[in-house]
């Protein structure tokens, strides 16, 4: 009987250890997923900023061309 109790105690300890390991693994997976989502969000943010900068440069270029045309056609 004590051997069975000892076996049950060790199996309970093993199950508890497995639960803890699974919880840690799940937390690590969540952190990894969050990190991956952050990387994707940063990429998306960088794309949006690049698009904004491109549009501002095009606007500046168009305004400069219009200004040059206005200067040469004025006189």
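Residue numbers (the numbering used here): 96 to 170. Ideal Cβ positions, reconstructed from N, Cα and C, are used throughout, including at glycine. Quantities reported herein were computed from a predicted structural model and do not represent experimental measurements.
C-alpha gap between residue i and residue j, whole angstroms
i, j, result
"residue 161", "residue 143", "27 Å"
"residue 108", "residue 122", "21 Å"
"residue 152", "residue 113", "58 Å"
"residue 127", "residue 139", "18 Å"
"residue 156", "residue 130", "39 Å"
"residue 96", "residue 111", "Confidence at residue 96 is low in this model, with a pLDDT of 46, below 50, so its placement is unreliable and the value that follows should be read with caution. If you take the alpha carbons of residue 96 and residue 111, they lie about 22 Å apart."
"residue 145", "residue 116", "43 Å"
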